[in-house]
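If you're matching positions, the sequence shown starts at 0 in numbering that gives the first Met the number 0 and goes up one per residue.
As structure tokens, the structure follows; a few thoughts come after it.
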Amino acid sequence: MAETTTTTEDTVPDAPEAGRGLLSRLYTGTGAFDIIGRRRLWYGVTAAFVLVSLLSIAVRGFTLGIDFEGGTRVQFPAPQGVDTAQVEEIYTDTLGQDAVAVQTVGTGSGATVQIRSESLDQGQASALQTALFDAFQPANAEGETTRDAVSFTDVSETWGSQITDKALIALVVFLVIVSIYIAVRYERDMALAGIAALFFDILVTAGVYSLVGFEVTPATVIGLLTILGFSLYDSVVVFDKVEENTRGILHLNRRTYAEQANLAVNQTLMRSINTTVISVLPVIALIVIAVWLLGVGTLKDLALVQLVGIVIGAYSSIFFATPLVVTLKERWGPVAAHTTKVLAKREGTTRPRAESAVPAGATGTATATATATGAPAKTARAAAAAPRAGARPTGKRGKRRS
């Protein structure tokens, strides 16, 4: 009876290519980085980010802009060589209190000094206008030196609240549409993981703003909505590759769902890095232009939140969203059963099969035993040279003689 053998080709995954450098493996996406296998580590890192963000928001809070807190904005053309510290000193000496913020916006002849303060009454505004005019002699747009060059604008906090309310409505609508799309186009578990990644991006970005002390303005709220699109795009790219790699996997015994998902992450890792770098470069350019050329302002607020959100979104799409999909899949259902089956079969095929296969040194042992018991050497050699059971005959056939 022929011997039955089981090959390991259908059960053991390919090993990573040895001897290849980090950059080479990164570009080829051969699955050499075990991201899914170490998902507990990444869950711990993600939980640490969330914890620090929540603590910062609870303890430090946010630095709200004038559009959210209300107050008075004072503005006048910046004279040559003006120093914000000098403006702050004049403000304090005149009103007996500190300004909330003093900054110079723009450069050259178009530069202006902006003072953000608490709400000022008519008497305080008139006294501050006189003090600033006497100190700097600002000129209006026609070049005339006049007190009216120092302007005052009352800002109500209701406008910022309206912006926030509309942004929250837009966020809810966005999340509902995204959830339906991912659930229909891909799978329910991917939709849950994608939404969880979006909430993580929002929370950590807000935590960074709270921790660093960046000012929250309506531009910040708008920028927060824009980063959700980037994060979702990056996650969907990985999800698409996961779906491609795992299509029909339940009918195969070569790899588990987690291993195929890890391969998908590796195959899209370089694309995610390139997309992030290309997206960050123009945002950094916006920050440079906003701070060094135009002065701090709305453009800076928009660029800052985009910079933070893009980096965090890239992290969540690689190290959080896809591992979460695998965790949800392996909790129950056919994927969990398939994973158990593959691992059990793999363990069985790699276990030594001494009972079902003849050891490699059995022939030599048989020969030595035969010789030691006094059997003729010729008989022992004949036994050693005997064909195995089921082996095909070898040698040339003799010709028939007529």
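A virtual CB, placed ideally from N, CA and C, is assigned to each residue, including glycine.
Quick one: using the 10 Å Cβ neighbour count with 16 as the cut-off for buried, is residue i buried or exposed?
i	result
Pro217	buried
Ala313	buried
Thr339	exposed
Gly193	buried
Thr225	exposed
Pro137	buried
Ala260	buried
Ser278	buried
Ser155	exposed
Thr145	exposed
Ile168	exposed
Ile65	buried
Tyr90	buried
Val183	exposed
Pro281	exposed
Leu54	exposed
Arg38	buried
Ala376	In this prediction, Ala376 scores a pLDDT of 46, lower than 50, which makes its location untrustworthy; the coordinate-derived value is nonetheless stated afterwards. That one is exposed.
Arg246	exposed
Thr368	Note that Thr368 has pLDDT 44, beneath the 50 cutoff, so the model's placement of it is unreliable and the number below is only indicative. Flag for Thr368 reads exposed.
Could you give the distance in angstroms between the alpha-carbon of residue i and the alpha-carbon of residue j?
i	j	result
Ser116	Thr71	5 Å
Leu174	Pro322	21 Å
Ala374	Gly347	Unreliable placement is indicated for Ala374, whose pLDDT of 46 sits below 50; no coordinate value is reported for it.
Thr111	Tyr42	48 Å
Leu191	Ala320	9 Å
Ala335	Asn244	17 Å
Ala402	Ala263	Examination of residue 402 is not possible in this model, given that the chain is present from 0 through 401 alone.
Gly109	Ala140	10 Å
Thr204	Thr129	42 Å
Gly122	Pro78	25 Å
Arg270	Ala195	22 Å
Thr62	Phe318	30 Å
Asp233	Ile114	40 Å
Gln40	Leu50	Checking the displayed sequence, the identity of residue 40 turns out to be Leu instead of Gln. Cα to Cα, Leu40 sits roughly 15 Å from Leu50.
Phe198	Ile311	11 Å
Ile286	Ala126	36 Å
Val215	Lys165	16 Å
Asp300	Trp331	45 Å
Gly212	Arg187	38 Å
Ile181	Val171	16 Å
Arg59	Leu202	15 Å
Thr7	Leu251	Residue confidence for Thr7 is low, a pLDDT of 40 falling below 50, so the modelled location carries little weight; the figure read from the coordinates is stated next. Distance between the alpha carbons of Thr7 and Leu251 is about 13 Å.
Glu87	Gly80	15 Å
Asp153	Pro76	18 Å
Ile221	Thr83	29 Å
Leu298	Asp92	32 Å
Phe238	Ile288	36 Å
I'd like the list of long-range same chain contacts for residue i, defined as Cβ closer than 6 Å, with 5 residues on each side in sequence excluded.
i	result
Pro333	Leu249
Ala257	Ile35, Val325
Leu223	Val304
Ser118	Gly70, Thr71
Ala284	none
Val236	Thr267
Ala100	Arg115
Ala124	Phe151
Thr45	Phe319
Thr219	Asp300, Val304
Gln74	Thr111, Gln113, Ser150
Leu327	Asp188
Ser52	Leu202, Val203, Gly206
Using C-beta distances below 8 Å, list every residue in its chain close to residue i, excluding the 5 sequence neighbours before and after it, in chain order.
i	result
Gln85	Ala134
Asp200	Ile226, Leu227, Ser230, Gly308, Ile311, Gly312, Ser315
Ile342	Strictly speaking, residue 342 in this sequence is Leu, with Ile absent from that position. Closer than 8 Å at the Cβ level, and outside the excluded window around Leu342, lie Thr255.
Glu329	Tyr256, Ala257, Ala335, Thr338
I'd like the list of long-range same chain contacts for residue i, defined as Cβ closer than 7 Å, with 5 residues on each side in sequence excluded.
i	result
Ile56	Ala205, Gly206, Ser209
Glu242	Tyr185
Ser178	Ala190, Ile194
Phe132	Arg146, Val149
Lys240	Ala263, Gln266, Thr267
### Task
Kindly provide the ranges of any alpha helix (DSSP H) runs that are 4 or more residues long and lie completely inside the segment 208-276, ordered along the chain.
The segment 208-276 contains these whole alpha helix (DSSP H) runs: 217-245.
Three CB pairs or more closer than 8 Å across the segment 145-155 and the segment 83-96 = In this structure the segment 145-155 does not touch the segment 83-96; the number of beta carbon pairs closer than 8 Å is below three.
Can you find at least 3 beta carbon pairs, one from the segment 271-288 and one from the segment 227-241, that sit closer than 8 Å?
In short, these stretches touch, since the Cβ pair count reaches three.
Quiz item: Are the segment 61-80 and the segment 159-166 in contact at 8 Å, needing three or more beta carbon pairs?
Solution: With the cut-off at 8 Å, the segment 61-80 and the segment 159-166 touch.
(message) Any contact between the segment 298-307 and the segment 198-211? By contact I mean 3 or more CB pairs, one from each, below 8 Å.
(response) Contact annotation: the segment 298-307 touches the segment 198-211, with at least three C-beta pairs closer than 8 Å.
Check your understanding: Hey, which unbroken runs of the beta strand (DSSP E) at 3 residues or more fall wholly within the segment 55-105?
Key -> Within the segment 55-105, the beta strand (DSSP E) runs of at least 3 residues that lie entirely inside it are, in chain order, 70-76, 100-104.
What residue ranges within the segment 149-176 form continuous beta strand (DSSP E) runs of no fewer than 3 residues, ordered along the chain?
Considered as a whole, the segment 149-176 harbours 150-154 as its complete beta strand (DSSP E) runs of no fewer than 3 residues, in chain order.
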